[in-house]
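Trainee: The sequence shown maps to residues 822 to 1187 in the numbering used here.
Using N, Cα and C, we set each Cβ at its ideal position, and we do this for glycine too.
Below is the structure I would like to discuss, written out as structure tokens.
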Amino acid sequence: MTAYIIRRLLMMIPTLFGIMVLNFVIVQSAPGGPVESMVARLTDITSADATVRITGSGSDFGAKTDNQSALQSAYRGRRGLDPEIIERIEKMYGFDKPPLERFIQMISSYARFDFGESFFRNQRVVDLIWQTLPVTISLGLWTTLIVYLISIPLGIRKAIHDGSGFDIWTSWAIIIGYAIPSFLFAILLIILFAGGGYVQWFPIKGLVSDNFEELSAIGKIKDYFWHITLPVTAMVISGFASLTMLTKNCFLDEINKQYVLTARAKGLSERKVLYGHVFRNAMLIVIAGFPSAILRVLFTSALLIEIVFSLNGLGLLGYEAIINRDYPVIFGTLYIFTFLGLVFNLLGDLVYVAVDPRIDFERRAT
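Given below as structure tokens:
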């Protein structure tokens, strides 16, 4: 198993490289970049005699000058920016170098987890990621935990009462939850419970209150759960459907196998058969998929939920970076998401082995 883990870790290197190459080409080919964005901002100045000058030296891809606020140039009416000014802007953002050189510099820096500095936030990308990552992980962990606590018992009960009235009406609820996106549930919850027209029981912005540091320990816990109630609820409603049906189908598949019939023929109680024999085999796929479930939540639901509730998470950071063409932040968040995805996939394999020791990835690899 150790050799398998080492091989998987080594495979992460070309995988990360290939994904970064593909996304670098796509992003660089998209119209409108940081240089065009800055030029557009400067040309929006309407004062005929507005003067601006650029100070500072250029930097590598993924970094910017230490004092971007000093960016200024000479602009008069509709005459546009002087070509020299545009060249200095390109140098400031590192776009005076060919794409291949910028990519090589980026990869060499990313190998050291050095993502450079944001073009527009005047902060190091790694600091921005560390500030926002706890929010995204918090949402993902709570959502995944609650989804499992709901889906596994519900899926087992649906399997036991397959075809009953309970199974039918819960299936309709699951279909509705699966069909409606999480961000629509989020908007509905805001309308109903966050001052959108009915009651205002919950806040609609941030993960904690402004006076969070002044609260007692118990007060901080209450304040935290008060803020995450609506975001997590929206993510759970749209997230438990597939896991519930997976649990039900796994149980139905195991219940019809020969060893279950043998256990019943020996006179074992139905509860002993279900939870002593069926449960472990049926839960193999469900439990082993826990790391992947967290990953799906982080990659999909969390992004839109963070935008709707103005939660300063990694998804919102990446979204704003795309809007502003903040390339260091775009590639930094992409790199982290990809790296986490590969790590969580490896953890999923390890959980498979822990749940069922009969699985031997080492033998399959040979």
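Taking the alpha carbon of Arg-923 as the point to measure from, which residue in Ala-1175, Leu-1167, Pro-1149 has its own alpha carbon closest?
Mentor: To locate residue 923, count along the sequence shown from 1; it is residue 102. The shortest Cα separation from Arg-923 among Ala-1175, Leu-1167, Pro-1149 belongs to Pro-1149.
Trainee: Report buried or exposed for Ser-1003, applying the criterion of at least 16 other Cβ atoms within 10 angstroms of its Cβ.
Mentor: Translated into positions along the sequence shown, residue 1003 becomes position 182. Flag for Ser-1003 reads buried.
Trainee: To the nearest angstrom, report how far apart Leu-962 and Glu-908 are at their CA atoms.
Mentor: One-based indexing of the sequence shown puts residue 962 at position 141. One-based indexing of the sequence shown puts residue 908 at position 87. Approximately 46 Å between the Cα atoms of the pair.
Trainee: Got a sec, what are the start and stop residues for the alpha helix (DSSP H) Trp-1047 sits in?
Mentor: Along the sequence shown, read from residue 1 onward, the residue named residue 1047 stands at position 226. Per DSSP, Trp-1047 belongs to the alpha helix (DSSP H) from 1038-1058.
Trainee: Could you have a look at Arg-1146 and say whether DSSP puts it in helix, strand or coil?
Mentor: The residue you call residue 1146 lines up with position 325 of the sequence shown. Three-state DSSP puts Arg-1146 in coil, outside helix and strand.
Trainee: So, helix, strand or coil for Ala-932, using DSSP?
Mentor: Reading the sequence shown from its first residue, position 111 is the one you call residue 932. In this structure, Ala-932 counts as coil in the three-state DSSP scheme.
Trainee: Between the beta-carbon of Thr-1154 and the beta-carbon of Leu-1124, is there less than 8 Å?
Mentor: Looking up residue 1154 in the sequence shown gives position 333. Looking up residue 1124 in the sequence shown gives position 303. No, the Cβ-Cβ distance between Thr-1154 and Leu-1124 is not below 8 Å.
Trainee: Any heavy atom of the ligand PLP closer than 7 Å to the Cβ of Gly-1027?
Mentor: Among the components modelled here there is no ligand, and therefore nothing to report on the ligand PLP.
Trainee: For the region 1080-1100 and the region 1026-1034, state whether three or more C-beta atom pairs, one from each stretch, are separated by less than 8 Å.
Mentor: Segments in contact, no.
Trainee: Excluding the 5 residues flanking Gly-1192 on each side, which residues of the same chain have their C-beta closer than 7 Å to its C-beta?
Mentor: The question about residue 1192 has no answer here: the residues shown for the chain are numbered 822 through 1187.
Trainee: Determine, using beta carbons only, whether Pro-1052 and Ile-1126 come nearer to each other than 8 Å.
Mentor: One-based indexing of the sequence shown puts residue 1052 at position 231. One-based indexing of the sequence shown puts residue 1126 at position 305. Taking 8 Å as the Cβ cut-off, Pro-1052 and Ile-1126 qualify as a contacting pair.
Trainee: Using a Cβ-Cβ cut-off of 6 Å (strictly less than) and excluding sequence neighbours within five positions of Arg-829, which residues of its own chain qualify?
Mentor: Taking the first residue of the sequence shown as position 1, residue 829 is located at position 8. Around Arg-829: Leu-1167.
Trainee: Taking the alpha-carbon positions, what's the Val-1081 to Met-1066 distance?
Mentor: Working through the sequence shown from its first residue, we reach residue 1081 at position 260. Working through the sequence shown from its first residue, we reach residue 1066 at position 245. Rounded to the nearest angstrom, the two C-alpha atoms are 21 Å apart.
Trainee: Does the distance from the C-beta atom of Phe-1193 to that of Phe-1023 stay below 8 Å?
Mentor: Nothing in the structure corresponds to residue 1193, since the chain is present only between 822 and 1187.
Trainee: Can Gly-976 and Lys-1078 be called in contact, C-beta distance under 8 Å?
Mentor: For the purposes of this step, residue 976 is taken as the residue at position 155 of the sequence shown. For the purposes of this step, residue 1078 is taken as the residue at position 257 of the sequence shown. Going by C-beta atoms, Gly-976 is not nearer than 8 Å to Lys-1078.
Trainee: Starting from Lys-1078, trace the alpha helix (DSSP H) in both directions and tell me its first and last residue.
Mentor: Counting from one through the sequence shown, the residue named residue 1078 turns up at place 257. Per DSSP, Lys-1078 belongs to no alpha helix (DSSP H) and is neither H nor E.
Trainee: In the structure shown, what three-state DSSP assignment does Gln-1021 receive?
Mentor: Position 200 of the sequence shown holds residue 1021. It is a strand residue.
Trainee: At the level of alpha carbons, what is the spacing between Leu-949 and His-1098?
Mentor: For the purposes of this step, residue 949 is identified with residue 128 of the sequence shown, where counting begins at 1. For the purposes of this step, residue 1098 is identified with residue 277 of the sequence shown, where counting begins at 1. When rounded, the distance between both Cα atoms is 48 Å.
Trainee: Go ahead and label Pro-1112 buried or exposed: buried means 16 or more other beta carbons lie within 10 angstroms of its beta carbon, across all protein chains shown.
Mentor: Residue numbering aside, residue 1112 sits at position 291 when the sequence shown is read from its first letter. Buried is the call here.
Trainee: At which residues does the alpha helix (DSSP H) containing Ala-1015 begin and terminate?
Mentor: Position 194 of the sequence shown holds residue 1015. Counting along the chain, Ala-1015 falls outside any alpha helix (DSSP H), and DSSP gives it neither H nor E.
Trainee: Would you identify the three-state DSSP class for Arg-945, choosing helix, strand or coil?
Mentor: By 1-based counting over the sequence shown, the position of residue 945 is 124. Of the three classes helix, strand and coil, the one that applies to Arg-945 here is strand, per DSSP.
Trainee: Report all residues from its chain with a CB closer than 6 Å to the CB of Val-1057; omit the five preceding and five following residues, and keep chain order.
Mentor: Locating residue 1057 in the sequence shown gives position 236, counting from the first residue. Excluding positions up to five away in sequence, the list reads Thr-964, Ile-967, Val-968.
Trainee: Tell me the DSSP bridge mates of Leu-1034?
Mentor: Sequence index remark: in the sequence shown, residue 1034 carries index 213 (1-based). According to the sequence provided, residue 1034 is Glu. The question's Leu does not apply to it. Answer by DSSP bridge pairing: none, since Glu-1034 is not bridged.
Trainee: Whose C-alpha, out of Val-1118, Asn-1145, Ile-1106, is nearest the C-alpha of Tyr-1173?
Mentor: Here residue 1173 is taken as the residue at index 352 of the sequence shown, counted from 1. When each option's Cα is compared against that of Tyr-1173, the closest is Ile-1106.
Trainee: Provide the residue span of the alpha helix (DSSP H) that contains Tyr-1096, from first to last.
Mentor: Residue mapping note: residue 1096 aligns to position 275 of the sequence shown, counting from 1. Careful: Tyr-1096 lies outside any alpha helix (DSSP H) and carries neither H nor E.
Trainee: Determine the closest residue to Pro-919 out of Phe-845, Trp-951, Ile-958, with distance taken between C-alpha atoms.
Mentor: Position 98 of the sequence shown, counted from the first residue, corresponds to residue 919. It is Phe-845.
Trainee: Could you give the distance in angstroms between the alpha-carbon of Tyr-931 and the alpha-carbon of Val-842?
Mentor: Stepping through the sequence shown from its first residue, residue 931 is reached at position 110. Stepping through the sequence shown from its first residue, residue 842 is reached at position 21. When rounded, the distance between both Cα atoms is 13 Å.
Trainee: Based on the DSSP secondary-structure assignment, which residues constitute the bridge partners of Glu-938?
Mentor: The count along the sequence shown starts at 1 and reaches residue 938 at position 117. DSSP output for Glu-938 lists Arg-945 as bridge partner(s).
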